[in-house]
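Numbering (our numbering), first residue to last: -17 to 402.
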């Protein structure tokens, strides 16, 4: 049996009372909704990129960097946020981070060119990175022995945002005749979410301490330093995953419209199907709590590679691309993202769970930041099919090499049916 989180989690405040099931449900639901809005906010840019490029005269390189460069802000926020999360109020950091990325989003429509739009995208990324780091630290601490399942639920919320963001954003832009409109709406939504977190999420949940009732000796098999062989191997997998998934997301709508001749609505719908696939994070997390995550990650890398091959080499019809976008979201986001972040937390001792979240954010999103630029350069050199082959089909093999460094016997393995 898997332990229920409240009995295995203790608030950092001695006087805090245990949360009721209703309090847990409300707090967790608000956090999930906040991450859905986060996903919608970041996804709305991709399908609108052709219109933005046309208005400003951006090159494909510049468009690719704008599409994924914001993730550099997520990466830069990762380690500092992870460090602060182990020492400061996670709830306060979550609220501040949502407000920060909302302000960055609000500024994008008033940008005058590439330089200031890049800056606003970077600011949005910093806020989104801080929120994600804090959110996964909260999940990892409060739902200690079921963290992959809890992360899977959060992944479903993220997938819903990825699904809804392009559709809602494209419809708003079409209805109002201006690509700027969705950014104003999502910025306002972020401010509302910050208020809901302040009111609806208890500090008993956000400031929980991991494994407080566990004997310290039970974690002696895990390296004392958060910088160890397992985090190195998993860091390689995270970097590859970031290059692959964001390389796909950043210019996929442009590929569909410029190479396959899809309409704006068709390309937005295809991107949305990748979000629908990302909702597979829930079964991916369930499997991650019960089976060897190293093997699960290897299978996901192989499946991602195979999906990319068909996407960029063979499929030309809209229905085929919708199905493949779903599979790419399922494997590259649902399985890889969910199990990368929880495996990185399990590679460090419980007191370093915030640091583990920060390491994931750093390795995943630094690579993701330059994935769009890399993909654009490859398109210039070898075309869309060649770019898809090298970045999305061949590259996952490097992730499998990183897994050779991972020793699951030196990780925090969940009790129950999971095996090392």
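Just so you know, even glycine gets a beta-carbon here, dropped at the ideal spot from N, CA and C. The model shown is predicted, which means the values in this text are computed figures rather than measured ones.
Exercise for the section: Answer yes if the segment 144 to 161 comes into contact with the segment 50 to 62, meaning at least three C-beta pairs across the two stretches below 8 Å, and no otherwise. Expected result: Contact between the segment 50 to 62 and the segment 144 to 161 is not established, with fewer than three Cβ pairs separated by less than 8 Å.
Practice task
Return the residue from the list 336, 32, 337 and 22 that minimises the CA-CA distance to residue 238.
Solution key: Of all alpha-carbon atoms in 336, 32, 337 and 22, the one lying nearest the alpha-carbon of residue 238 is that of 32.
Exercise for the section: Using a Cβ cut-off of 9 Å (strictly closer), state whether residue 227 contacts chain D. Expected result: No chain D is part of this structure, which consists of one protein chain only.
Exercise for the section: At 4 residues or longer, and completely inside the segment 255 to 314: list those alpha helix (DSSP H) runs for me, N to C. Expected result: Listed in chain order, they are 263 to 270, 275 to 295 and 300 to 310.
Exercise for the section: Classify residue 23 as helix, strand or coil using the three-state DSSP reduction. Expected result: The DSSP-derived three-state label of residue 23 is helix.
Exercise for the section: Less than 8 Å between the CB atoms is what I'm expecting for residue 188 and residue 121, so what's the real figure, rounded? Expected result: Not really, about 10 Å apart at Cβ, beyond 8 Å.
Practice task
Under 7 Å Cβ to Cβ from residue 154, same chain only, skipping five residues before and after it: list those, please.
Solution key: Only 163, 164 and 167 meet the Cβ criterion.
Practice task
Could you tell me the distance, in whole angstroms, from the CA atom of residue 91 to the CA atom of residue 102?
Solution key: Approximately 10 Å between the Cα atoms of the pair.
Handout entry: residue 329: first and last residue of the uninterrupted alpha helix (DSSP H) it sits in
Key = Counting along the chain, residue 329 falls outside any alpha helix (DSSP H), and DSSP gives it neither H nor E.
Problem - Coil, strand or helix - residue 362 by DSSP - result: Reduced to three states, the DSSP call for residue 362 is helix.
Practice task
Note down, in chain order, each residue of its chain lying with its Cβ closer than 6 Å to the Cβ of residue 185, except the 5 sequence neighbours on either side.
Solution key: Counting only residues of its own chain and dropping the five nearest sequence neighbours on each side, residue 185 has a CB closer than 6 Å to the CB of 73.
Problem - Assigned secondary structure, residue 69 (DSSP; H/G/I helix, E/B strand, else coil) - result: Correct three-state label for residue 69: coil.
Problem - Beta-carbon spacing of residue 148, residue 331 below 9 Å - result: No, these two residues do not count as a Cβ contact at 9 Å.
Handout entry: residue 395 versus residue 341: straight-line alpha-carbon distance, rounded
Key = Straight-line measurement puts the Cα of residue 341 at about 19 Å from the Cα of residue 395.
Practice task
Kindly provide the ranges of any beta strand (DSSP E) runs that are 3 or more residues long and lie completely inside the segment 135 to 167, ordered along the chain.
Solution key: None, since the segment 135 to 167 contains no complete beta strand (DSSP E) of that length.
Problem - Where the alpha helix (DSSP H) through residue 352 begins and ends - result: Annotation for residue 352: no alpha helix (DSSP H) segment contains it, and DSSP assigns it neither H nor E.
Practice task
Run the CB neighbour count on residue 212, radius 10 Å, all protein chains shown included, and call it buried at 16 or more, exposed below.
Solution key: When all chains shown are included, residue 212 counts as buried.
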